[in-house]
Structure formats: structure tokens, C-alpha cells
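Take any residue in the sequence shown, note its place counting from 1, add 837, and you have its number in my numbering.
From the three backbone atoms N, C-alpha and C, an ideal C-beta is built for every residue, glycine too.
Contents: one structure, followed by commentary.
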Amino acid sequence: MEFCKIGLGAWPRKETFDHYVSEVPCTYSMTVKLDITVLRRLGVRLYPAMLYALTTIVNRHPEFRTALDEHGQVGVFSQMLPCYTVFHRESETFSNLWTEYHPDFARFLEAYQQDLTRYGHLTGMAPKPHTPANTFPVSMVPWASFEGFNLNLQKGYDYLLPIFTMGKFYPEQDRWLLPLAIQVHHGVCDGFHLCRFVNELQDLVNDETFFG
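Pasting the structure below:
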């Protein structure tokens, strides 16, 4: 993993970044209904399949890998990894796990299962140690569907990476739909970038070759 600092003087987004970080700090979210009919038909495990799909698209575009380092310098990670929630029914708490990303779904699924087996039963916020800086958060609330979802972060205007939240999937006519909320920072991600992300994500989950 590398963190490549951005030379602000030559950065095409500098004016936009300064505006939405310093002058008018702004984050925003969008909730979409993702068609997961193909995933359901293939019988793949939904959570790791979505972690894989989200990470694949995140790694395609620098606006979803842009962050601030410990010195406040803006830069782009060469690769991102998913950091996802695991629910503990007994205590009604959750933990955050992270898994190395592999472009091949079978290899990613194996790594996910290994992490889940080793750390999934452990409580605490971060039972798997040494969470790297190049992770982005993903969570799922499978007990209810939703039309909208928004996170209110006290220091959210300094957080540039995307945040993903999934809800309970449901049938609609001959399709299965999954609520997906995406929260981003306007300093690094405009509506164009977010819509492109959603469209590419839909294309990926429609493509059986990724999950075969």
C-alpha cells in the first residue's frame, strides 16, 4: 500500500477541494436500490460478495481512495481494503474486521472466511489487530430496509473516504433489491463520480463471471 501525496498546485480539483473543505465544509449521502438478482440466483453469500464488489469499484477510482494523512496532507492510497461490521447476537454489539483484497472473488472469499473464523467470535471494536490506514467502512443492518440513511459524524468534514451502509434486501416483482447508502465528501467526490460508482457497481453485480 502506498499513499501518494497530491501536489495541490497542479491538482485540477484544488479549487473545489478548498471550497468544500475550508469555505463550505460539505459531505452528502445517496441511497440507491441495488439489483442483486444475479447474486441471489447464483447463491453466493451476499455480505462478502458485496464487500468484494464495493472494494473492486473503490479501487478503480482515485476519488474513493483520497484521504488526509496524520499531518493533514491530502493524498491517494494505491489500494483500499474493506473494514466491515460483524454482529454479536448475545451482547447485541458489533466488531470491525478488515480483510485483504484480492481481484479474484474466490481468493477474497477465502481470506474473508479465514478472518471471520479467527476473529469473528471475538468482541471489542477491533479484534483483528493492526487495522491499516487504507481501509474504508462498510456496515449492514439486515433487519430493515430503508429509503434513506445518513451518518452524522462530529468530525466528518475531515473524513474524505466513502462510507457504505446496506439494509435488508427485498423482492420487487421479479427482482431482488438491496438498499445501499453511500456517504462521501464533496471535496473529493461530486455527483458525477458517485453516479458513475453506482452504475459500475450495478454492472459488476450483474456480471456472473466475477462470482462464478
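Contact between the segment 849-865 and the segment 1009-1028 is established, with three or more Cβ pairs separated by less than 8 angstroms. Taking every protein chain shown into account, the CB of Cys920 has 16 or more other CB atoms within 10 angstroms, so this residue is buried.
In the three-state scheme derived from DSSP, where H, G and I count as helix and E and B as strand, Met838 is classed as coil. The beta-bridge partner set that DSSP reports for Glu1009 consists of Arg1012. Closest option to Arg1012, judged by alpha-carbon separation, among Val875, Phe924 and Ser859: Val875. Contact between the segment 950-962 and the segment 971-983 is absent: fewer than 3 CB-CB pairs across the two stretches fall below 8 angstroms. Separation of the CB atoms of Leu918 and Tyr889 is rounded to 11 angstroms, and the pair is thereby denied contact status at 8 angstroms. Going by C-alpha positions, Asp872 is about 31 angstroms away from His958. Burial state of Gly1004 is buried, judged by a 10 Å Cβ sphere holding 16 or more other Cβ atoms. Here Phe931 carries a strand assignment [DSSP, helix/strand/coil]. For Met887, the uninterrupted alpha helix (DSSP H) run begins and ends at Leu883 to Val895, by DSSP.
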